[in-house]
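Reviewing the structure listed below.
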Ligand SMILES: C[S@@+](CC[C@H](N)C(=O)[O-])C[C@H]1O[C@@H](n2cnc3c(N)ncnc32)[C@H](O)[C@@H]1O
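Residue numbers (my numbering): 245 to 459.
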C-alpha cells in the first residue's frame, strides 16, 4: 500500500485457518477501509464484498484492486453498516475489523442487527476490536479526561500533532462486547496486544469469533 495511513490491527489469519475446513465461501467485510482484509481473504479463496461508509476508502480500495491486477474480482461499495444493502441470509461470514471503535454507542446495536440479518443461519462473524487498557497510562488519562467531553467511559478524542480533533474512538471492556454481541454464540474470545491506528500506542486487542445460531 502506497503513501496512506496503514491500519494496524492484525489481519484475520486465524479466521482463514478456522474456515479452511468449513463450508463457508462468501464473505462480507463491513468497514473494509482500503480493502486489505478483502484482498487477504480473496487470496485465500473466498468470495468477498467490501463495504465502507467513506467513499474515499472505497476509492482507495478500487485503486489497489486495479494495481493488484484483480480488477472487479472483489466488489467494493459505499454502504453504511447501519443499513446494509444486502438481502437477509446473504453471507456465510462477516468480518468487522476495527469498525465498532469508530461508531457512537447508540448506533452499535443497529450494526449488530444488520450483520445478524445478512448472515446465513450458522454463519460466522469475526471481530477485532480495541480493548479498554487502564494499564497503559496514556489511555488511562485519556479515558478519565475525555469522559467529560464524550459522555462515555472508554471513548476519547483522537487528535493530530497540532491538537486538532480528528474523531472519537472507543475502547471496549470485555463485558461491553459480550452484551453487544449476545445475539451470537461465542466460539472464541481471545485477548492480545494491538497497536493504535494513529499514534501507534500499545493497547489491548480482542479477536472474537461468533456464530449465528438457528432459532
Ligand atoms: C479503522 S478502519 C479499519 C478498516 C479495515 N477494517 C481494516 O482493518 O483495514 C474502520 C473503517 O470503518 C469505516 N466505518 C465507520 N463507520 C462506518 C459505518 N457506519 N458503516 C460502514 N463503515 C464504517 C470507516 O470509514 C473506516 O474505513
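Think of the CB as a built atom: it goes at the ideal place given N, C-alpha and C, for glycine as much as any other residue.
This structure is a prediction, so every number in the text was calculated from the model and none was measured.
Check                                                                                                                        : Outcome
Residue of 393, 371, 303, 274 minimising C-alpha distance to residue 486                                                     : One cannot answer for residue 486 here, as it falls past the ends of the chain, which runs 245 to 459.
Every unbroken beta strand (DSSP E) within the segment 325-367, with a cutoff of 3 residues, ordered by chain                : 335-341
Own chain partners of residue 335 with C-beta closer than 7 Å, once the 5 adjacent residues on each side are dropped         : 270, 271, 272, 362, 363, 364, 367
Simplified DSSP state of residue 301, which is helix, strand or coil                                                         : helix
Identity of the residue in 276, 349, 329 nearest residue 308 by Cα                                                           : 276
Any residue whose CB is nearer than 5 Å to a heavy atom belonging to ligand 2, listed in chain order                         : Here the bound small molecules are ligand 1; ligand 2 is not part of this structure.
Where residue 424 falls: helix, strand or coil (DSSP)                                                                        : helix
Bridge partners - residue 403, DSSP secondary structure assignment                                                           : 409
Residue 330 to residue 297 span [Cα, whole Å]                                                                                : 15 Å
Boundaries (first-last residue) of the alpha helix (DSSP H) holding residue 450                                              : Segment 446-455 is the beta strand (DSSP E) holding residue 450; no alpha helix (DSSP H) there.
Span of the alpha helix (DSSP H), counted from its first residue to its last, around residue 396                             : Premise fails: residue 396 is in no alpha helix (DSSP H) and is neither H nor E.
Separation of residue 332 from residue 323, as counted between CA atoms                                                      : 16 Å
Stretch pair the segment 349-361 + the segment 416-429: three plus CB contacts closer than 8 Å                               : yes
Per-residue burial, residue 246 [other beta carbons within 10 Å of its own, 16 or more giving buried]                        : Any reading at residue 246 needs caution, since the residue's pLDDT is 47, under 50, leaving its predicted position unreliable; the model's value is listed next. Under this definition residue 246 is an exposed residue.
Beta-carbon gap between residue 283 and residue 314 smaller than 9 Å                                                         : yes
Simplified DSSP state of residue 439, which is helix, strand or coil                                                         : strand
Residues of its chain near residue 293, where Cβ-Cβ distance is below 6 Å and the 5 sequence neighbours each way are ignored : 272, 319
Local conformation of residue 274 per DSSP, three classes                                                                    : strand
Pairwise C-alpha distance: residue 404 and residue 451                                                                       : 27 Å
Paired residues, beta bridge with residue 225 - DSSP                                                                         : The question about residue 225 has no answer, for the chain in this structure spans 245 to 459.
Burial state of residue 442 (16 or more Cβ within 10 Å)                                                                      : exposed
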